[in-house]
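Residue 518 in the working numbering sits at position 468 of the sequence shown; the count goes up by one each step and never skips. The C-beta atom is built at its ideal place from N, Cα and C for all residues, glycine as well. All remarks here apply to the structure that follows.
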Amino acid sequence: MWDWLTWGHHPKLRARQLSEMVDKLLGAGPQAGEDPFALSEKELKRLCTAAREALLKEPSLLEVSAPSQAVIVGDLHGQFTDLQRIFERLGRPGSDDKVWFFLGDYVDRGPMGLEIVATLLALKLLHPGSIHLLRGNHECSEITVLFGFCGECQRRSTLAAWEMVMQVFDALPLAALLNRGVFLCHGGIGPQLQHPRDVNLIRRPLDVNPCGEGLLTDLLWADPSPSVEGWCPNPRGVSFVFGLDVAQEWLRSQGLRAIVRAHMVQQDGFEVLGNNEVMTVFSASDYRESGNTGAVLLIDPSLGFEFVTFPAPRAASSDAGSPRLLVTAVAVDSGTRHHAVAADEFSSPIPVPYSPLAQPTEGVRLPLPHRSSPFAAAAGLPEAGTAAAVAANHQAHEAAGPAMAERAPSLAEQAMQQEVEEDHLVIQRVGSQELASLVRKASAGLHDLEALSGPSRVPSQPLARRSPAVA
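So this is what it looks like as structure tokens:
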């Protein structure tokens, strides 16, 4: 009955079959998320089996020397149309000599996570040296049950499809080192990361504990902030917020140029801290209807950086009577320079040299930690809603600069606030074993699961017990 749980021998997928699969998937329209998934369970099983085997041959830390331009893609969250637009603009992996890095969070919240996962896995098998896939905090069984991907699989395919994809997620590498100068991961660094190659101490396959701690948790969950020094409690309730001072010291000690990560929605699709030292890239546009721009980061072999941005589709179509401007933002020595071009054009990639005069962009800031989070409680933060909490919040925003203290939060910042609150709730639920027992022990308590995740995310039958991962 559960033969799909056995990762045995399957006929090898040929290049022609993979190419046809990619063409089929990329041809999907924006409404395909309401339809049955284009690949059969058998096709998806063959794809996931081959991809898992290939991924497990790679180390947990990828060390990549890219002689040409590298493309860094941040969170996509099931928004397949954003991936289609990125490929239309920059070409598919394998179509030229670019090297692609995807920083995780492929699924959840958006309607077409299956298309994103299957497309990227097929491209990975077709062009293994041209595309590298890293793990994000949403590549986790508990998180996908709560935030939609499990429900998407049950609705559009089968629960077997969810299980197969989870097995692939357990095999994903965790970080990458590009041209011995740029450290790539989904979340960020943590106190236990003494050297990038410490990542290789983490054995895979690995089923992530969302409320865990240590190096793995920091790589997937940590956040940077220009408003703190050292290590700060993370308002998500897990891992840390690290200051620019910590990042700069770590980069100097390792002889590296920059940390590039994802994990935080940005109004302009990106954020740059310090001297191009900590960069956030977020590729899902109009995330949670916040109207934000999506972005990808281009890095040339000499470590010049350029962000290519993609406005939200609904914003681009709102001015039907006039040409819509698309913007490419380039981090340069005088700050961030924007080049506006016509709607059907994009600027050519322009490598930007390293400069000690670069200024940080104004990105989305994290809210203060929740008083009830374990880290916040240890830090002695005031209770939410009290005068002390209001004063602390005002002081934190003043420290971030007058502009942050005076202006109203953007829609992306509101979306970030909502996401942090949801993450905090999830960590509390998982930490109390309410959700973990349902997922890992195949509990039949679907009423409790519905109370946690909502009717649209509840599987129609109890989840099968997952095969144990190697710790």
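Between the CA atoms of residue j and residue i - distance to the nearest angstrom
i	j	result
valine 331	valine 358	10 Å
valine 520	leucine 266	Confidence at valine 520 is low in this model, with a pLDDT of 34, below 50, so its placement is unreliable and no value can be given for it.
isoleucine 252	cysteine 190	16 Å
leucine 176	serine 69	8 Å
valine 291	asparagine 284	5 Å
leucine 301	leucine 348	20 Å
alanine 78	glycine 287	38 Å
alanine 225	glutamate 202	27 Å
phenylalanine 87	leucine 126	18 Å
phenylalanine 199	glycine 305	39 Å
valine 121	cysteine 282	31 Å
leucine 209	glutamate 472	24 Å
phenylalanine 152	threonine 194	18 Å
proline 241	alanine 116	29 Å
phenylalanine 130	serine 460	24 Å
asparagine 187	proline 274	16 Å
alanine 462	leucine 475	20 Å
lysine 92	alanine 211	9 Å
glutamate 213	glutamate 356	37 Å
serine 207	asparagine 250	35 Å
asparagine 342	glycine 83	21 Å
proline 351	glycine 231	10 Å
serine 333	valine 296	26 Å
leucine 196	arginine 142	31 Å
glutamate 192	serine 289	17 Å
proline 363	glutamine 81	14 Å
phenylalanine 137	valine 72	12 Å
alanine 101	phenylalanine 219	10 Å
leucine 294	asparagine 326	11 Å
aspartate 158	proline 260	15 Å
glutamate 321	asparagine 229	22 Å
valine 114	glycine 262	29 Å
alanine 465	arginine 139	27 Å
proline 246	glutamine 467	30 Å
Buried or exposed by the 16-neighbour rule on C-beta atoms within 10 Å, applied to residue i
i	result
serine 145	exposed
arginine 387	With a pLDDT of 34 at arginine 387, under the threshold of 50, the predicted position of this residue should be treated as unreliable, though the coordinate-derived value follows. That one is exposed.
proline 276	buried
serine 303	exposed
histidine 236	buried
lysine 107	exposed
arginine 96	buried
glycine 280	exposed
arginine 311	buried
For residue j and residue i, believed in contact at Cβ under 8 Å, the rounded distance
i	j	result
leucine 112	proline 255	The Cβ separation is near 16 Å, so there is no contact.
isoleucine 309	valine 328	5 Å
cysteine 98	glutamine 217	7 Å
valine 215	valine 167	6 Å
glycine 319	glycine 344	5 Å
leucine 76	threonine 169	6 Å
glycine 522	glycine 154	Lying before the first or after the last residue shown, residue 522 is absent from the chain, which here runs from 51 to 521.
Best match in the options for proximity to residue i [C-alpha to C-alpha]
i	options	result
aspartate 268	Met162, Val278 and Asp248	Asp248
aspartate 147	Pro178, Gln464 and Thr131	Pro178
lysine 74	Leu89, Glu84 and Gly83	Leu89
serine 110	Leu270, Ile122, Leu353 and Arg307	Leu270
leucine 227	Glu299, Tyr156 and Arg307	Arg307
leucine 234	Ala272, Val195 and Trp212	Ala272
glycine 238	Ala221, Gly264 and Asp220	Gly264
glutamate 299	Thr343, Phe320, Leu243 and Gly354	Leu243
aspartate 85	Leu164, Asp158 and Val157	Leu164
arginine 135	Pro361, Ser460 and Ala120	Pro361
tyrosine 156	His245, Leu171 and Arg142	Leu171
leucine 354	Gln119, Val72, Glu91 and Cys98	The sequence given here places glycine at residue 354; leucine does not occur at that position. Answer by Cα proximity: Gln119.
leucine 173	Gly293, Glu469 and Trp150	Trp150
methionine 162	Val470, Asp132 and Ala297	Asp132
glycine 124	Pro363, Val346 and Met466	Val346
glutamate 103	Gln464, His245 and Ala221	Ala221
Requested in this report: Kindly confirm or deny that the segment 335-344 and the segment 306-323 touch, where touching means at least three C-beta pairs closer than 8 Å.
Outcome: Short answer: they touch.
Query raised in the report: Touch check for the segment 60-72 and the segment 182-200: three-plus C-beta pairs under 8 Å?
Result: Output reads no: the segment 182-200 does not touch the segment 60-72.
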